[in-house]
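Asker: Here the protein sequences come in this chain order: A and B. Anchor point for the first sequence: position 204 equals 204 in the working numbering, and the numbering is continuous, going up by one each time. With the second sequence counted from 1, adding 276 to any position gets you the working numbering. Glycine included, each C-beta is placed from N, C-alpha and C at the ideal position. On a predicted model such as this, the values are computed, not experimentally measured, just so you know.
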Amino acid sequence: MGDSKTSRVLLRVFTALVVVFLFAPIVVMIIFSFNDPAGRQNITWQGFTFKNYLDIWSRPQITGPMVTSLAIAAISTVLATTFGTMIALALSRYEFRGRGALNLLIFIPMAAPEIILGASLLTMWISIGVPRGFLTILIAHVMFNISYVIVTLRPRLVGFNRHLEEAGMDLYANERQTFWRVTFPIIFPGILAAGLLAFALSIDDYVITLFSAGRTVTFPLWVFGASRVGIPPEVNVLGTLIFLVAIAFIAVQLWSQRQAADERRMIAAATAPSTP
Amino acid sequence: MGRGRLTPYLLLLPGGLWLIVFFAIPMAIMLSVSLQTGSLDTGFDLTWNFGIYPQVIGQFGDLFLRSAIYALLTTLITLLIGYPMAYTIAFHGGRFKTALLFIVILPFFVSFVIRTLNWRMLLSDNGLVFGTLKDLGVLDQAFHFLATPASVVFGLTYNFLPFMILPLYVALEKLDKRLIEAATDLYASRWQAFWRVTFTLSLPGVVAGSLLTFIPAIGDFINAEIIGAGNPEVQMIGNVIQFKYINANDYPSAAALSFVLVIGVTILVAAYSRAVGTDRLTT
Numbered sequence: 001m002g003d004s005k006t007s008r009v010l011l012r013v014f015t016a017l018v019v020v021f022l023f024a025p026i027v028v029m030i031i032f033s034f035n036d037p038a039g040r041q042n043i044t045w046q047g048f049t050f051k052n053y054l055d056i057w058s059r060p061q062i063t064g065p066m067v068t069s070l071a072i073a074a075i076s077t078v079l080a081t082t083f084g085t086m087i088a089l090a091l092s093r094y095e096f097r098g099r100g101a102l103n104l105l106i107f108i109p110m111a112a113p114e115i116i117l118g119a120s121l122l123t124m125w126i127s128i129g130v131p132r133g134f135l136t137i138l139i140a141h142v143m144f145n146i147s148y149v150i151v152t153l154r155p156r157l158v159g160f161n162r163h164l165e166e167a168g169m170d171l172y173a174n175e176r177q178t179f180w181r182v183t184f185p186i187i188f189p190g191i192l193a194a195g196l197l198a199f200a201l202s203i204d205d206y207v208i209t210l211f212s213a214g215r216t217v218t219f220p221l222w223v224f225g226a227s228r229v230g231i232p233p234e235v236n237v238l239g240t241l242i243f244l245v246a247i248a249f250i251a252v253q254l255w256s257q258r259q260a261a262d263e264r265r266m267i268a269a270a271t272a273p274s275t276p
Numbered sequence: 277m278g279r280g281r282l283t284p285y286l287l288l289l290p291g292g293l294w295l296i297v298f299f300a301i302p303m304a305i306m307l308s309v310s311l312q313t314g315s316l317d318t319g320f321d322l323t324w325n326f327g328i329y330p331q332v333i334g335q336f337g338d339l340f341l342r343s344a345i346y347a348l349l350t351t352l353i354t355l356l357i358g359y360p361m362a363y364t365i366a367f368h369g370g371r372f373k374t375a376l377l378f379i380v381i382l383p384f385f386v387s388f389v390i391r392t393l394n395w396r397m398l399l400s401d402n403g404l405v406f407g408t409l410k411d412l413g414v415l416d417q418a419f420h421f422l423a424t425p426a427s428v429v430f431g432l433t434y435n436f437l438p439f440m441i442l443p444l445y446v447a448l449e450k451l452d453k454r455l456i457e458a459a460t461d462l463y464a465s466r467w468q469a470f471w472r473v474t475f476t477l478s479l480p481g482v483v484a485g486s487l488l489t490f491i492p493a494i495g496d497f498i499n500a501e502i503i504g505a506g507n508p509e510v511q512m513i514g515n516v517i518q519f520k521y522i523n524a525n526d527y528p529s530a531a532a533l534s535f536v537l538v539i540g541v542t543i544l545v546a547a548y549s550r551a552v553g554t555d556r557l558t559t
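Pasting the structure below:
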C-alpha cells in the first residue's frame with residue numbers, strides 16, 4: 001500500500017515482536033518438556049532428557065484424564081458435528097418459521113462468557129439432582145460446540161452450487177442418493193473443518209468442564225490441579241504432543257481443502273457446458 | 277433435496293432440542309435459583325427474594341467494576357497490538373499471508389491452562405524474564421510482576437489477542453484498496469488516508485474484535501487465578517462466581533452474580549454497538 005519505507009520496516013519489526021510474544025510460552029513449554037528436574041518443581045533448567053516422554057505412558061494419574069478427555073472430545077465432536085450440520089443444512093436451504101429465535105439460540109451460547117454457560121448448567125444439575133461426571137461433561141461439550149459447527153459450516157453451504165444436485169436428480173438418483181453421493185462429498189471438507197474445531201475446543205475446555213465435572217478429571221482439570229506450585233514436566237510433555245498433533249491436523253486439513261478445491265474445479269469444468 | 281414440509285423441522289430437532297434443554301432452560305433455572313433462599317443442608321425454597329440483587333451488587337460492585345476495567349484495558353491493548361499486526365498481514369503479507377495467519381492461531385492449539393502456566397513461570401520473580409533483568413541490574417531485586425493488576429491484564433491480553441487479530445484481518449483484507457489510492461490521489465496525506473479511509477472502513481472488524489475480546493475477558497477467572505496467583509486484590513467477578521458455586525455451595529447468590537454479569541455485559545455491548553453504529557456499518 002501507500003506506506004512509506006520506514007513505516008513498512010517498522011510494521012514488519014512490530015509483527016516479528018508480536019510473533020515472539022505469541023510463541024514465548026510455547027517455546028518454554030517445549031524446552032522444559034525435555035528438562036530433567038530434581039523434584040516436582042520444573043522451574044530451572046537441570047539437564048536434557050527424553051525420560052519425561054517415556055514415563056508418562058505408565059502413569060495412570062496422567063493417562064486416565066487424557067483418555068477421558070479424548071473420549072469426551074471424540075463423542076462430543078461426532079454428536080455436535082452431526083446436529084450442527086443438520087441445522088446448518090436447514091438454515092441454508094429451507095424456509096421455516098422461528099428462524100430469528102433459532103439464530104438467537106445459536107448465537108447467544110457463543111456470545112455469553114463461558115462461565116455463564118458452565119454456571120447455568122451446574123445450577124440445573126443441582127436443581128434436578130443429576131450426579132455430575134462423564135455424561136454431564138459430554139452434554140455440556142455438545143451444547144457449546146453445536147453453535148461453532150453451524151457458524152463454521154454455514155458460509156460454505158451458502159456458496160454451494162445447487163446445479164450439481166439437479167444434475168444428480170436428472171440422472172435418476174433419488175434424494176437419498178443425491179445427498180450421499182453429490183451433496184455430502186462436496187460439503188465434507190467444511191464438515192471436517194467444523195469437526196476439528198469442535199474437537200480442539202472440547203479437548204481444551206476448562207471453564208465449562210469444571211462446572212459439570214463432579215469428581216471426573218479431564219486433562220485440563222488435571223493440569224490445573226497438578227500445577228498448584230510448579231509445572232510438572234509431564235504437563236509440558238503432553239502439551240507438546242498435543243501441539244504436534246494439532247499441527248498434523250492442520251496440515252491434513254489444508255491438504256483436504258486443496259484437494260476439495262481441485263475436485264470442485266474439475267466438476268465445475270465438466271458440468272459447465274451442460275448447465276444453462 | 278427434500279420437498280417434504282417436515283424436513284427442515286426434522287433437521288432442526290436434535291440440535292435445537294439440545295440447545296433448548298441444555299442452554300435455554302438452565303438459564304431460566306438459574307434465574308429461579310437466584311430468587312431462592314436456603315442452604316445446602318436445609319434445602320432451597322423459591323421465596324422470590326429479589327433483595328438478593330441489590331445485596332450482591334452492593335457486596336461485589338467493586339469486583340464488577342474491576343472486571344470491567346481489566347476487560348476494557350485488555351480490549352484496548354489487544355486493539356493496539358492487533359491492528360498493526362492485522363494490517364501488516366493484510367497489506368504486506370504477500371505470499372506469507374496464509375502462513376502468518378496460521379502463526380497467529382497456532383499457539384492456541386496448546387491448552388489455555390498450559391500456556392498460562394508457562395507464562396507464570398516465565399514471569400515469576402526469578403524467572404527467565406525478570407530474573408535475567410535483575411541479574412543484569414536493570415530491575416530492582418524487589419521488583420515483582422505476578423499477582424499485580426498489570427499481570428492479570430497481561431495474561432488476558434495474551435489469551436484473547438487472536439480474537440482481535442482475526443476479525444481485524446478479515447475486515448482489512450476485503451477492503452477495496454483502490455479507495456486508498458483515490459484518497460491519496462485527492463491529496464490526502466498518508467495519515468489522512470489511513471485514518472479517514474482504511475481505519476473507517478475497518479471499523480466493523482474493530483467492533484467484532486472488541487466484542488470477541490471484551491466478553492470472554494470480563495468473565496474470565498483463570499488468568500486472575502494463575503497469573504494473578506490467587507491474590508484477592510486482583511480477583512475478578514468470575515473468581516467469586518466460581519468459588520460460590522464450586523466451593524461455598526452458595527447457589528442463590530452465585531446465580532444472582534451470574535445474572536448481573538450477563539445483564540451488565542448485554543447493556544455494555546448494546547451501548548457500545550449503538551455508540552459506534554454497528555447497524556449502519558455492517559449493512
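With DSSP as the reference, label B:Phe535 as helix, strand or coil.
Answerer: Residue mapping note: residue 535 of chain B aligns to position 259 of the second sequence, counting from 1. The three-state reading of DSSP puts B:Phe535 in helix, counting H, G and I together.
Asker: May I ask you to list, following chain order, the residues of the region 388-400 of chain B that have a beta carbon less than 9 Å from some beta carbon of chain A?
Answerer: Phe388, Val389, Ile390, Arg391, Thr392, Leu393, Asn394, Trp395, Arg396, Met397, Leu398 and Ser400
Asker: Could you work out which residues of chain B lie near A:Met143, taking near to mean beta carbons separated by less than 8 Å?
Answerer: Counting from one through the first sequence, the residue named residue 143 of chain A turns up at place 143. Trp294, Leu295, Phe298 and Phe299, listed in chain order.
Asker: Are any of the Cβ atoms in chain A nearer than 8 Å to that of B:Met440?
Answerer: Residue 440 of chain B sits at position 164 when you count from the first residue of the second sequence. Answer no: the Cβ-Cβ gap between B:Met440 and chain A never drops below 8 Å.
Asker: For B:Leu316, does the three-state DSSP call read helix, strand or coil?
Answerer: The residue you call residue 316 of chain B lines up with position 40 of the second sequence. Looking at B:Leu316 - three-state DSSP - the assignment turns out to be coil, as it is neither helix nor strand.
Asker: Tell me which same chain residues have a C-beta within less than 6 Å of the C-beta of B:Leu376, skipping the five on either side of it?
Answerer: Indexing the second sequence from 1 puts residue 376 of chain B at position 100. Hits under 6 Å: Ile365 and Gly369.
Asker: By a C-beta neighbour count over all protein chains shown, 10 Å radius and 16 as the cutoff for buried, is B:Lys520 buried or exposed?
Answerer: Position 244 of the second sequence, counted from the start, is the residue given in the question as residue 520 of chain B. With 16 or more other Cβ atoms within 10 Å, it is buried.
Asker: Relative to the alpha-carbon of B:Ile491, which residue among B:Ala464, B:Gly540 and B:Asp526 has its alpha-carbon at the smallest distance?
Answerer: Against the second sequence, residue 491 of chain B aligns to sequence position 215. Nearest of B:Ala464, B:Gly540 and B:Asp526 to B:Ile491, Cα basis: B:Gly540.
Asker: Compare the C-alpha of A:Val142 against each of A:Ala194, A:Phe249 and A:Val78 and name the closest.
Answerer: By one-based count along the first sequence, residue 142 of chain A stands at place 142. Ranking A:Ala194, A:Phe249 and A:Val78 by Cα distance to A:Val142 puts A:Val78 first.
Asker: Mind checking which residues open and close the alpha helix (DSSP H) that includes A:Pro113?
Answerer: One-based indexing of the first sequence puts residue 113 of chain A at position 113. Per DSSP, A:Pro113 belongs to no alpha helix (DSSP H) and is neither H nor E.
Asker: What residues of chain B sit near A:Glu114, judged by a beta carbon separation below 7 Å?
Answerer: The sequence position of residue 114 of chain A within the first sequence is 114, counting from 1. The answer, in chain order, is Pro492 and Gly495.
Asker: Can you tell me the Cα-Cα spacing of A:Leu238 and A:Phe219, whole angstroms?
Answerer: The residue labelled residue 238 of chain A in the question sits at position 238 within the first sequence. The residue labelled residue 219 of chain A in the question sits at position 219 within the first sequence. Put simply, the backbone Cα of A:Leu238 is about 9 Å away from that of A:Phe219.
Asker: Rounded to whole angstroms, what's the CA-CA distance from A:Ala194 to A:Met86? Just pull it up for me.
Answerer: Residue 194 of chain A sits at position 194 when you count from the first residue of the first sequence. Residue 86 of chain A sits at position 86 when you count from the first residue of the first sequence. Straight across, the Cα-Cα distance linking A:Ala194 with A:Met86 is about 13 Å.
Asker: Starting from A:His141, follow the alpha helix (DSSP H) in both directions and report where the run begins and ends.
Answerer: Residue 141 of chain A sits at position 141 when you count from the first residue of the first sequence. Element bounds for A:His141: Phe134 to Val158.
Asker: Can you check which of these residues, A:Phe96, A:Leu17 and A:Leu153, is closest to B:Val380 by C-alpha distance?
Answerer: Start at 1 with the first residue of the second sequence, and residue 380 of chain B comes out as number 104. Comparing Cα-Cα distances from B:Val380 to each of A:Phe96, A:Leu17 and A:Leu153, the minimum goes to A:Leu17.
Asker: Decide if B:Ile513 is buried, meaning its Cβ has at least 16 other Cβ atoms within 10 Å, or exposed.
Answerer: Here the question's residue 513 of chain B lines up with position 237 in the second sequence. Residue environment analysis places B:Ile513 among the buried positions, since at least 16 neighbouring C-beta atoms fall within 10 angstroms of its C-beta.
Asker: On the CB-based measure, 16 or more other CB atoms within 10 Å of its CB, does B:Gly495 come out buried or exposed?
Answerer: As a working note, residue 495 of chain B is residue 219 in the second sequence. Label assigned to B:Gly495: buried.
Asker: According to DSSP, is B:Asp452 part of a helix, a strand, or is it coil?
Answerer: Numbered from its first residue, the second sequence carries residue 452 of chain B at position 176. Coil at B:Asp452, not helix or strand.
Asker: Could you check what DSSP says for B:Asp321 in three-state terms: helix, strand or coil?
Answerer: Here residue 321 of chain B refers to the residue found at position 45 of the second sequence. Looking at B:Asp321 - three-state DSSP - the assignment turns out to be strand.
Asker: By the criterion of Cβ-Cβ separation under 9 Å, what are the contact partners of B:His368 in chain A?
Answerer: Along the second sequence, read from residue 1 onward, the residue named residue 368 of chain B stands at position 92. Correct list: Met1, Asp3, Arg8, Leu11, Arg12 and Thr15.
Asker: Please look up how many angstroms separate the CB atoms of B:Ile390 and A:Val245, rounded, as I've assumed it's under 8 Å.
Answerer: For the purposes of this step, residue 390 of chain B is taken as the residue at position 114 of the second sequence. For the purposes of this step, residue 245 of chain A is taken as the residue at position 245 of the first sequence. About 14 Å; that fails the 8 Å criterion.
Asker: Taking 8 Å as the CB-CB limit, is A:Asp204 close to chain B?
Answerer: Here the question's residue 204 of chain A lines up with position 204 in the first sequence. Yes, A:Asp204 counts as interfacial toward chain B.
Asker: Establish whether the CB of A:Val28 and some CB of chain B are separated by less than 8 Å.
Answerer: Reading the first sequence from its first residue, position 28 is the one you call residue 28 of chain A. Yes, because at least one Cβ of chain B sits closer than 8 Å to the Cβ of A:Val28.
Asker: On the DSSP bridge assignment, give the partners of A:Phe48 in chain order.
Answerer: Counting from 1 along the first sequence, the entry for residue 48 of chain A is found at position 48. A:Asn35, per the DSSP bridge assignment.
Asker: Which residues of chain B have a Cβ atom closer than 7 Å to the Cβ of A:Ile139, listed in chain order?
Answerer: As a first step, residue 139 of chain A is located in the first sequence; it is residue number 139 there, counting from the start. Correct list: Phe298.
Asker: Are the Cβ atoms of B:Met306 and A:Ser120 separated by less than 8 Å?
Answerer: For the purposes of this step, residue 306 of chain B is identified with residue 30 of the second sequence, where counting begins at 1. For the purposes of this step, residue 120 of chain A is identified with residue 120 of the first sequence, where counting begins at 1. Yes, these two residues count as a Cβ contact at 8 Å.
Asker: Using a Cβ-Cβ cutoff of less than 6 Å, which residues in the same chain neighbour A:Thr68 once the five nearest sequence positions on both sides are dropped?
Answerer: Indexing the first sequence from 1 puts residue 68 of chain A at position 68. Here the set comprises Thr218.
Asker: How close, in whole Å, do the beta carbons of A:Met110 and A:Tyr148 come, if the pair is a contact with beta carbons under 8 Å?
Answerer: Indexing the first sequence from 1 puts residue 110 of chain A at position 110. Indexing the first sequence from 1 puts residue 148 of chain A at position 148. The pair is a contact, with the Cβ atoms about 7 Å apart (cut-off 8 Å).
Asker: For A:Arg258, count neighbouring C-beta atoms within 10 Å of its own C-beta (all shown protein chains included) and say buried if the count is 16 or more, exposed if not.
Answerer: Start at 1 with the first residue of the first sequence, and residue 258 of chain A comes out as number 258. The residue is exposed, with fewer than 16 neighbouring Cβ atoms inside 10 Å.
Asker: With a threshold of 8 Å between beta carbons, is A:Gly124 in contact with chain B?
Answerer: Counted from its first residue, the first sequence places residue 124 of chain A at position 124. Residue identity check: residue 124 of chain A is Met in the sequence provided, not Gly. Yes, A:Met124 lies at the interface with chain B (some Cβ there is under 8 Å from its Cβ).
Asker: Give me the subset of the region 523-534 of chain B whose CB atoms are less than 8 Å from a CB atom of chain A, sorted by chain position.
Answerer: Tyr527, Ala530, Ala531 and Ser534
Asker: Among the candidates A:Phe32, A:Leu241 and A:Thr82, whose CA atom is the shortest distance from the CA of A:Leu153?
Answerer: Residue mapping note: residue 153 of chain A aligns to position 153 of the first sequence, counting from 1. It is A:Thr82.
Asker: Using a Cβ-Cβ cut-off of 8 Å, state whether B:Gln518 counts as contacting chain A.
Answerer: On the second sequence, position 242 is the one that residue 518 of chain B refers to. By this cut-off, B:Gln518 is an interface position.
Asker: Do three or more CB pairs link the region 126-142 of chain A to the region 93-100 of chain A at distances below 8 Å?
Answerer: no
Asker: Using a Cβ-Cβ cut-off of less than 8 Å, give me the residues of the region 340-374 of chain B that come near chain A, in sequence order.
Answerer: Ile357, Pro360, Met361, Tyr363, Thr364, Ile365, Phe367 and His368
Asker: Below 8 Å on C-beta distance, what does A:Pro189 contact in chain B?
Answerer: For the purposes of this step, residue 189 of chain A is taken as the residue at position 189 of the first sequence. Result: empty, since nearest Cβ-Cβ is about 16 Å, beyond 8 Å.
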